Amino acid sequence: MNLPPITLVTPWYGHFAGGAEVAARGFAEQLAARGFQVQVLTTCCRSPFESWWQDVLPAGTEMVGGVTVRRFPVDREGERPFHELVRRHVQAGELTPDEQRAYLLHSINSRELVHYAARHTSDHLV
């Protein structure tokens, strides 16, 4: 059977507590164990419980649990505006559409990851 390659994209990938991250790792490893070619595109941030604007893990490719993991440097700008928007959201209870866009723009991001995905995953299930 010719199985299509699968790419998962997650901000953090590794062994730490965090529901979505644990689910992504388990899903990727189960797919790989069933014969799928799986890669994960992620940042060099170690966990959601540390700074989202600082690389801790090295950029590059490694095999983890039968899964190809490609780590990309995180964008460094945006921490201050992100935290200001979080405070505004907590105080006001709602953000305007422009503030919502800014929240996503200043959250954890990696332009290098996005560019890699655009160039290398056209034949993958993402």
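Counting in the numbering used here, the sequence shown runs from 1 upward without gaps.
All C-beta atoms, glycine included, are put in the ideal place defined by N, C-alpha and C.
Keep in mind the model is a prediction, meaning the values are calculated, not measured.
| Item | Value |
| --- | --- |
| Three-pair Cβ contact test at 8 Å for the stretch 111-123 versus the stretch 78-91 | no |
| Range of the contiguous alpha helix (DSSP H) that encloses GLY19 | 19-33 |
| Closest residue to LEU4 among ALA23, PHE36, TYR13, THR42 (Cα-Cα distance) | Just to set this straight, residue 4 is Pro in the shown sequence, not Leu. It is PHE36 whose Cα lies nearest to the Cα of PRO4. |
| Reduced DSSP secondary structure (H/G/I, E/B, other) of GLU50 | coil |
| Three-pair Cβ contact test at 8 Å for the stretch 29-48 versus the stretch 64-82 | yes |
| Contacting residues, own chain, Cβ-Cβ under 8 Å from ALA102 (five flanking each side not counted) | PRO81, LEU85 |
| Given GLY66 as reference, the closest of ARG119, ASN2, ALA33 once Cα atoms are compared | ALA33 |
| Residue range of the beta strand (DSSP E) that includes PHE16 | Taken as a continuous stretch (DSSP letters only), PHE16 belongs to no beta strand (DSSP E), as it is neither H nor E. |
| Where HIS83 falls, given that 16 or more other Cβ within 10 Å makes a residue buried | exposed |
| CA nearest to the CA of TRP149, picked from ALA117, THR121, LEU105, ARG119 | Examination of residue 149 is not possible in this model, given that the chain is present from 1 through 126 alone. |
| Rounded separation between GLU99 and PRO11 - CA only | 21 Å |
| Any chain D beta carbon closer than 8 Å to GLU21 | No chain D appears in the structure shown, which is made up of a single protein chain. |
| For HIS15 and ALA24, the rounded distance between their alpha carbons | 11 Å |
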